[in-house]
Each structure stands twice: as C-alpha cells, then as structure tokens.
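> Protein chains in written order, with our numbering: chain R, 1 to 381; chain B, 1 to 381.
1. Straight-line CA distance for residue 332/B to residue 363/B?
2. Quickly, what does DSSP pair residue 173/R with across the bridge? List them, please.
3. Of all the options 6/B, 274/B, 120/B, 310/B, which has the alpha carbon lying nearest to the alpha carbon of residue 40/B?
4. With a cut-off of 8 angstroms, does the C-beta of residue 324/R fall near any C-beta of chain B?
5. List the DSSP bridge partners of residue 39/R.
6. Report back the beta-carbon spacing between residue 56/R and residue 81/R to the nearest angstrom; my notes put them in contact at under 8 angstroms.
7. I want to see whether chain R comes within less than 8 angstroms of residue 332/B, judged by CB atoms only; does it?
8. Which whole-angstrom value describes the C-beta separation of residue 179/R and residue 322/R, a residue pair presumed to lie in contact below a C-beta threshold of 8 angstroms?
9. Cβ of residue 33/R less than 8 angstroms from any chain B Cβ?
10. So residue 136/R is in the alpha helix (DSSP H); what residue range does that whole segment cover?
11. Rounded to the nearest angstrom, what separates residue 368/R and residue 315/R at their Cα positions?
12. Is DSSP giving residue 375/R helix, strand or coil here?
13. Could you say if the region 279-297 of chain B and the region 118-129 of chain B meet the contact criterion of at least three C-beta pairs nearer than 8 angstroms?
14. Spatial neighbours of residue 194/R within its chain, please: CB distance less than 8 angstroms, with the 5 preceding and 5 following residues excluded, ordered by chain position.
15. What is the residue span of the beta strand (DSSP E) that residue 51/R lies within?
16. Which residues does DSSP list as the beta-bridge partners of residue 81/B?
17. How would you write the range of the alpha helix (DSSP H) that residue 257/R sits in, first residue to last?
18. When the Cβ atoms of the region 175-189 of chain B are set against those of the region 141-159 of chain B, are three or more pairs found closer than 8 angstroms?
19. Between residue 234/R and chain B, is the shortest Cβ-Cβ distance under 8 angstroms, so that the two count as touching?
20. Just the C-alpha distance for residue 42/R and residue 21/R, rounded to the nearest angstrom, thanks.
21. Residues of chain R with a CB under 8 angstroms from the CB of residue 216/B: which are they?
22. Can you give me the Cβ contacts of residue 60/B inside the same chain, cut-off strictly under 6 angstroms, excluding the 5 residues immediately before and after it?
23. Quick one: is residue 44/B buried, meaning 16 or more other Cβ sit within 10 Å of its Cβ, or exposed?
24. Give a yes or no on whether the C-beta atoms belonging to residue 51/R and residue 135/R are separated by under 8 angstroms.
25. Taking DSSP as the reference, what is the three-state secondary structure of residue 322/R?
26. At a CB-CB cut-off below 8 angstroms, which residues of chain R make contact with residue 109/B?
27. What in chain B is Cβ-close to residue 229/R, meaning under 8 angstroms?
28. For chain B, is any of its Cβ atoms less than 8 angstroms away from the one on residue 242/R?
29. Quickly, what does DSSP pair residue 341/B with across the bridge? List them, please.
30. Relative to the C-alpha of residue 172/B, which candidate in 147/B, 184/B, 186/B has its C-alpha closest?
31. Does residue 299/B pass the burial test, meaning 16 or more other C-beta atoms within 10 Å, or should it be called exposed?
32. Just how far apart, CA to CA, sit residue 278/R and residue 38/B?
33. Starting from residue 10/B, trace the alpha helix (DSSP H) both ways and give me its first and last residue.
34. Please return the same chain residues whose Cβ sits closer than 6 angstroms to the Cβ of residue 347/B, not counting the five positions on each side in sequence.
35. Please report whether the beta-carbon of residue 155/R lies at a distance below 8 angstroms from any beta-carbon of chain B.
36. Within a Cβ cutoff of 7 angstroms, which residues of the same chain sit near residue 269/R, ignoring the five residues on either side of it in sequence?
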C-alpha cells in the first residue's frame with residue numbers, strides 16, 4: 001500500500017446472496033447468485049447519495065483502496081475514488097460490484113453449481129448487460145439505496161446506459177465514458193477472434209477445465225493480446241515501443257520474441273491468465289456483443305424517452321475502439337429527446353484505456369457535473 | 001473463365017531453378033531455390049519494357065488471367081493486368097513471382113529439403129524482404145530483362161521499395177501502393193498475435209505437420225481473422241454487416257455464430273487454410289516485421305540517395321493498417337532528396353484492401369504515370 005492520504009484505505013470485498021431465481025434475457029431462470037461488492041464512504045440518511053461504479057470487460061468489485069497493508073496495487077479506479085476525488089467518498093456512498101458471469105466473486109462460469117457440486121463451465125447461462133444490471137439492482141435495494149448515480153467506462157458505460165433506460169426510477173444521473181450504445185461490426189469481429197482463440201485452445205475442453213492440470217491459457221492470452229491492441233492507440237504505441245528489439249540490437253532470425261512490443265504483448269497475455277477465467281471472457285464479451293441500447297425500442301431516441309437522468313458523456317480523441325462519433329450518437333439522441341446531457345471529448349494519447357489513466361481531466365469534468373447535479377438536489381431539499 | 005476481352009487469357013505458371021546458394025540477410029547460405037512465376041505480354045528487343053509485380057502477404061505468382069477454361073476466379077490483380085489495363089500487356093512484359101518462403105510454387109517451408117527428403121518446416125531459414133528481392137533478381141536476369149518497373153501493394157510495396165534501393169541499377173520506376181517504409185509497433189503487434197495463434201495450435205507440432213492427419217488449421221484461421229479485420233475499415237464493415245444476425249433475427253444465447261460479421265470472418269478463416277500454409281504465414285509475417293527501408297542507412301533520406309527511379313506512391317483514405325501518413329513519410333524523404341515522386345491519396349471506403357479493389361482510379365493514375373515514364377523513355381530513343 002502506497003502512502004496516499006486521499007486513499008479510501010483498506011477495504012474489504014463483501015458478498016450478497018440472491019436466493020431467488022432471476023429471469024434472464026434469454027428466458028432462463030437462474031439462481032442463486034452471489035454478488036461480490038465493495039463500498040466506500042457512507043450512505044446518508046435520505047439514502048440518496050449513492051454512486052454505482054460499473055466495471056469494464058475485465059474489471060471487478062475492487063474499484064478503490066487496498067485489500068491489505070501489503071497490497072502493491074490499489075483498485076482499478078483508485079485515482080478517481082476517495083476523499084476529494086472525482087467520486088468523492090466524503091460526499092458519496094460509492095458502490096462497485098463484480099458483474100454476473102465474472103470471475104472475481106460474483107457468480108459466474110467458474111462458480112460451483114449447487115445442483116452438481118461442480119463448476120458451471122459452459123452450463124452457465126449466456127447473460128446480457130441487462131441481466132447484470134438486474135442483479136446490481138438487487139444489490140442496490142439490499143443496501144437500502146433510494147436514488148443513485150451510475151458511472152462507468154467502456155462496458156461499464158453500457159451498463160450505466162442500461163441502468164438509465166431500464167432502471168430509470170432509481171437513476172438521478174448517468175456518467176458514460178469511452179463507451180457506445182452498441183458495438184459496430186468491427187468491435188464484434190475483434191471479440192469473435194478472442195473467443196475463437198479460447199474455444200480453439202486444446203485445453204479448453206468445452207469449458208470443463210477447472211480441475212485439470214492444464215488450462216486454456218494460450219487461448220486466453222491471445223484473446224487478451226488482440227483486445228490489448230484495441231485499447232491502445234497506434235501513435236502512442238509507436239512512441240512507446242517503436243521498432244526497438246527486446247534486450248538486443250538486431251533480429252533473432254527465429255520465431256522467438258524480437259521486438260519490445262511483442263514482449264509487452266506477451267507479458268500482457270501471460271499476466272492476464274493469472275487473474276481471469278477463460279469462460280468468463282467468453283460470457284462477458286458475448287454480453288458486450290449483444291448490448292444494443294436501441295434494439296428493444298427501435299431507436300436510441302425511443303429508448304431515451306424512458307429516462308429523466310442527467311447525462312455526462314465523455315470520449316477520448318485517440319480511442320479508436322469506441323471513438324468519439326459513437327459517443328456523439330448518444331449525445332444527439334439525448335438532445336433530440338430534450339434530455340439534460342453534457343458532452344466532452346478529452347484530448348488524450350492513451351487510446352481506449354484513457355478512461356483508466358486520464359484521471360485529472362476526468363476528475364475536473366465529473367466534479368463539475370456532480371456539483372451541478374448536487375446543487376440542484378440541495379436546492380430541492 | 002469469364003468472358004473478358006481484356007483478359008490475358010489462359011496462362012501457365014512457370015518454374016525457374018536457382019541451383020547456387022544465396023546468402024540470406026541472416027548470414028545463412030541457402031539453396032537450391034525454385035521460383036514459381038508467370039509472365040504476360042512480350043519482352044521487347046531492347047529488353048527494357050518489363051514490369052515486375054510484387055505480391056502482398058498471401059499472394060502468389062498468379063497475378064492475371066486464368067489457369068484453365070474452367071477457372072472461376074482470375075489472378076489476384078487481373079483487373080490491373082491485361083491489354084489496355086493499368087499494366088498494359090500490349091506494351092509491357094509483365095512478370096509476377098511467388099515470394100521466397102511462400103507456399104505457391106516458390107521454395108518455402110512446405111517444400112522438400114533435398115538433403116532430408118522431407119519438408120523443411122521450421123528448419124527453413126528465416127527470410128527477409130531483401131532475400132526475396134535477391135531471388136527475384138535472379139529470375140529477372142534469367143528472363144534477360146535489362147531494365148524494369150517494379151510495382152506492388154502492401155507487402156508488395158515493401159518489395160518494390162527494396163528493389164528501388166538495393167537493386168537500383170535495374171529499376172526505372174517504382175510504384176508503391178498502400179504500403180510503408182516499415183511497420184509500426186501496432187503492425188508488428190497484429191502480426192505477433194497471428195503468429196501466436198499458429199504457434200499455439202495443438203496440431204502445429206513445431207512446424208512438422210505436413211504428413212499429419214490434422215494440421216494447425218484453427219491457428220492459421222485465427223491469424224487470418226485478425227489480419228482480415230485490419231484489411232477492412234470499420235465504417236465499410238459496419239455498412240456491410242451492421243449488427244445483423246446470421247440467418248435469424250435474434251441472438252442464439254450460446255457461443256455459436258450469432259452475427260453476420262462472425263460468419264464472414266469464420267468463412268475467411270476457413271477458406272484461407274485451404275490455400276495457405278501456416279509455416280509460410282510465420283515466415284512471411286516475420287519478413288514484413290523485419291522490413292525497415294531506413295534501418296541500414298540510418299534514415300529514409302540516406303536510403304533514397306541510392307536510387308534514381310521515378311516513384312509513384314498511392315494510399316487510400318480508409319486504410320488504417322498502412323495509413324496515408326506512412327506513404328507521406330516516403331514522399332517527404334524522396335522529395336528531400338530531390339527525387340522524382342508522384343503521390344496520390346485515393347478516396348475509398350475499402351480500407352487496406354483497396355489496392356486489390358479500387359482498380360479504376362488506380363488504373364488512371366498508373367497509366368498516366370507510366371505514359372510519362374514511357375514518353376521520357378521514347379524521347380530518348
């Protein structure tokens with residue numbers, strides 16, 4: 001744990017159990033579900049100062065702080081969550097939970113199916129963004145929250161959007177960062193390649209690998225490598241690695257790692273398999289592919305008719321996975337419907353990953369958005 | 001064979017044998033080498049009307065015409081090669097050869113090593129763009145060509161560049177389309193993912209799979225899928241496939257193919273393995289990674305000091321693999337050195353693949369470039 005007086009400090013992941021079945025979008029009834037979550041700050045008496053943070057593809061409930069004094073790395077959005085930070089834990093009760101289908105404490109394909117005593121594997125039902133939001137709602141109700149703000153980057157933005165449209169009775173405000181109303185064909189294609197790599201791994205064994213000595217690590221690593229390229233931007237990648245050789249000054253003339261960028265990708269792939277489950281990668285990318293905010297209502301405009309939340313939408317100049325044009329589609333549809341929407345495109349060389357890195361600019365914008373939202377709220381008291 | 005009075009008609013792949021060893025860039029002496037090639041049109045008496053076409057990553061010697069009356073598809077650049085076409089076979093002697101390390105007739109990892117009587121596999125030496133150009137030079141000399149024009153798209157453009165710089169005594173003009181002086185880190189990263197997919201395939205068997213029942217088809221298919229995404233542009237891809245489901249109107253809720261774009265990618269991968277060798281994919285992508293026109297001379301400018309060829313450089317607006325900026329780097333370096341260079345960025349929605357598709361605009365520009373080059377030549381007679 002680094003010295004940081006703005007940290008939320010030591011936190012503990014908590015668990016909430018949903019005993020009843022939930023009806024999933026596919027029609028399947030599924031339960032029980034355990035939800036891993038963390039909270040930072042205090043819920044006020046009127047129970048309306050909550051912010052729900054929604055994680056991206058490979059995130060988890062550990063958004064901020066440290067799990068122990070020995071922890072070297074804090075939660076994934078630690079720069080944004082804490083006293084005085086963008087999501088100010090002196091003012092707000094901040095909640096983060098691992099998504100349904102994940103592998104970090106919430107029920108997913110690696111969880112034990114109580115009916116068989118074995119991990120679900122591919123018998124786990126295919127889930128959607130809507131399903132995971134339904135599960136989050138159960139958690140929010142369990143915590144006694146009456147009104148909340150939702151916020152997320154990338155797939156987290158999709159969940160925030162789903163919350164604003166489908167769980168509109170609870171949502172005061174919605175912050176969507178580096179996200180989209182739906183994946184384009186190219187986005188689906190990149191996910192499909194990743195899934196193909198996993199499904200083709202000789203140790204995948206139709207998803208039944210948890211008790212095996214060898215696991216589908218190469219397939220998952222390759223999926224991560226493809227994904228990782230799409231999270232960065234070409235320019236910044238070239239500035240960082242260029243064409244430098246790894247630990248030498250000339251080619252190997254073989255098929256081992258030659259260039260620094262290859263070594264970096266290999267490292268990204270290899271470390272990823274230690275913290276993520278191949279089946280979860282399949283389920284979550286599928287949920288991302290399926291998400292389409294406009295689908296059920298025929299258009300984004302129609303979907304947005306359902307919400308009165310205030311929106312803040314942010315994109316990054318160098319994000320080519322969910323480029324600014326996709327954020328603007330959301331902004332335009334909200335504007336057409338006369339909704340309250342603020343939009344900002346942030347100059348950044350960090351590509352899609354900017355939502356995890358560019359915390360200074362994001363903090364200013366989010367603070368100002370929340371102050372306005374809070375001002376209106378305080379006036380109404 | 002389609003009715004096309006501009007076709008070069010029925011052509012036959014020919015073979016040329018290099019018996020002596022060639023010294024490769026890695027220092028390895030390698031031989032013998034068989035070169036598969038095709039020619040269209042006639043070499044003139046002064047033997048200086050030749051155009052050498054250089055193929056891209058997965059191309060071959062069959063650039064134009066049909067191999068038989070029954071052939072459904074002509075060569076890969078048939079739209080550009082023939083009587084009256086961009087590469088006009090009424091005027092020019094057009095040559096195309098399969099590159100060293102390929103799998104379409106020129107010696108490569110799938111060829112029989114005469115010393116063992118078995119396919120080379122990974123005992124084939126790692127080759128470079130410079131090596132394949134050296135082999136092409138042997139072919140050109142064998143054909144008696146005294147002066148030539150070189151032309152290629154993508155990796156073919158790299159070979160053209162190498163010809164102009166390293167085999168400058170023979171090159172009158174150089175046409176480089178949708179190409180680059182060197183891959184960026186992102187380009188290397190995409191190739192590395194493809195190679196990883198092949199190397200991780202359970203049937204790869206360290207490259208020794210030719211006599212096996214099962215081959216590294218999934219790995220090669222995945223490599224092709226990744227590559228294919230980079231050859232298209234997001235916009236056109238989304239216009240073509242959107243988020244349409246394949247043969248149905250709702251999700252499967254399983255891990256089979258859901259979206260049209262997934263089906264398309266799967267098809268691209270599956271058909272590719274019928275015509276390409278996984279080992280060749282490793283060798284050729286490595287050659288592409290290694291290519292750096294500036295490396296040996298410290299800068300592009302210094303490299304271009306060596307050539308007096310006239311250059312035509314073309315790029316496409318929607319090509320994000322080798323974007324216009326990379327063509328402009330070549331143009332600027334040539335201009336700094338006072339070389340004769342024409343440049344055109346062509347408006348196209350076809351992404352990197354545009355060099356294989358946008359034949360009308362390319363034809364106009366190439367015809368005009370060649371007419372100018374020919375005019376100067378004819379004046380000098």
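Ideal Cβ placement from N, Cα and C applies to all residues, glycine included.
Based on what the coordinates show:
1. 24 angstroms
2. 149/R, 310/R
3. 6/B
4. no
5. 95/R
6. About 15 angstroms separates the two Cβ atoms, so there is no contact after all.
7. no
8. 6 angstroms
9. no
10. 129-142
11. 17 angstroms
12. helix
13. yes
14. 222, 223, 224, 226, 227, 281, 285
15. 50-54
16. 87/B
17. Per DSSP, residue 257/R belongs to no alpha helix (DSSP H) and is neither H nor E.
18. yes
19. yes
20. 30 angstroms
21. Within 8 angstroms Cβ-Cβ: nothing; residue 216/B doesn't reach chain R, min ~10 angstroms.
22. 98, 104
23. exposed
24. no
25. coil
26. Correct list: empty, because the minimum Cβ distance to chain R is about 11 angstroms.
27. 186, 189, 190, 193
28. yes
29. 311/B
30. 147/B
31. exposed
32. 47 angstroms
33. Residue 10/B -> no alpha helix (DSSP H), and no H or E assigned at all.
34. 317
35. no
36. 221, 222, 224, 225
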